[in-house]
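*Asks:* Under this note's numbering, the first residue of the sequence shown is numbered 178, with each subsequent residue one higher.
All C-beta atoms in this analysis are idealised placements derived from N, C-alpha and C, irrespective of residue type, glycine included.
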Amino acid sequence: MKRKSFLFDTHALIFWVNKTAVSKAFVDFFDKQEQQGALYVSSITFWEIAFLVQKERITIPDTRAWKDELLSNTNVHLINPSASEMIDSTLLPPHHKDPFDRLLITQANTRNLILVTQDRRINAYEVAQIWI
Numbered sequence: 178m179k180r181k182s183f184l185f186d187t188h189a190l191i192f193w194v195n196k197t198a199v200s201k202a203f204v205d206f207f208d209k210q211e212q213q214g215a216l217y218v219s220s221i222t223f224w225e226i227a228f229l230v231q232k233e234r235i236t237i238p239d240t241r242a243w244k245d246e247l248l249s250n251t252n253v254h255l256i257n258p259s260a261s262e263m264i265d266s267t268l269l270p271p272h273h274k275d276p277f278d279r280l281l282i283t284q285a286n287t288r289n290l291i292l293v294t295q296d297r298r299i300n301a302y303e304v305a306q307i308w309i
């Protein structure tokens, strides 16, 4: 089966929504994918965003409102990790220590999604990925 749906890594979601730090081609491509209902975001991404806000690494005045607006005004699908995906993420080789990324890798593979990421450490895993 050909993969044609995409799972955003945290930074990719932020860059796409804010239309910053990415090319016009990136924004245009994923805008089209959003219109077709082919974009996914994991609930853990919002947890990671909340941590980044708390640590003052990014500025989002109201993370909950930002999330609600995104999910209400787009065709982006929210997916929750299953208990099996959480367990499986701990069984990946230890190339990458970040538990958020390990879970995204597992979710992408389990759900046949292409992971949208710029994180080069993820190249060590067998997961379909893209960056434009």
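Quick one: measure Cβ to Cβ for residue 240 and residue 253, integer angstroms, because I've assumed they're closer than 8 angstroms.
*Replies:* Position 63 of the sequence shown, counted from the first residue, corresponds to residue 240. Position 76 of the sequence shown, counted from the first residue, corresponds to residue 253. In fact, because the Cβ distance is near 16 angstroms, the residues do not count as touching under 8 angstroms.
*Asks:* CA-CA distance, residue 294 and residue 195?
*Replies:* Working through the sequence shown from its first residue, we reach residue 294 at position 117. Working through the sequence shown from its first residue, we reach residue 195 at position 18. About 16 angstroms.
*Asks:* Can you give the beta carbon distance from residue 280 to residue 258, rounded, assuming they're within the 8 angstroms contact cut?
*Replies:* Here the question's residue 280 lines up with position 103 in the sequence shown. Here the question's residue 258 lines up with position 81 in the sequence shown. Right, their Cβ atoms sit about 6 angstroms apart.
*Asks:* Kindly list the residues whose CB is nearer than 6 angstroms to the CB of residue 140, restricted to its own chain and excluding five residues on each side of it in sequence; keep chain order.
*Replies:* Lying before the first or after the last residue shown, residue 140 is absent from the chain, which here runs from 178 to 309.
*Asks:* By the three-class DSSP mapping on this structure, what secondary structure does residue 280 have?
*Replies:* Within the sequence shown, numbered from 1, the residue matching residue 280 stands at position 103. The answer is helix: DSSP assigns residue 280 an H, G or I state.
*Asks:* Would you kindly work out how many angstroms separate the C-alpha atoms of residue 224 and residue 260, rounded to a whole number?
*Replies:* Here residue 224 refers to the residue found at position 47 of the sequence shown. Here residue 260 refers to the residue found at position 83 of the sequence shown. Rounded to the nearest angstrom, the two C-alpha atoms are 17 angstroms apart.
*Asks:* Once the 5 residues before and after residue 210 are set aside, which same chain residues still bring their CB inside 7 angstroms of it?
*Replies:* Locating residue 210 in the sequence shown gives position 33, counting from the first residue. Counting only Cβ-Cβ distances below 7 angstroms, and skipping sequence neighbours, we find 183, 216.
*Asks:* From the DSSP output, which residues share a beta bridge with residue 264?
*Replies:* Residue 264 sits at position 87 when you count from the first residue of the sequence shown. When DSSP reads this structure, residue 264 sits in no beta bridge, so it has no partner.
*Asks:* Quick check on DSSP: helix, strand or coil for residue 199?
*Replies:* Taking the sequence shown and counting its residues from 1, one reaches residue 199 at position 22. Three-state DSSP puts residue 199 in coil, outside helix and strand.
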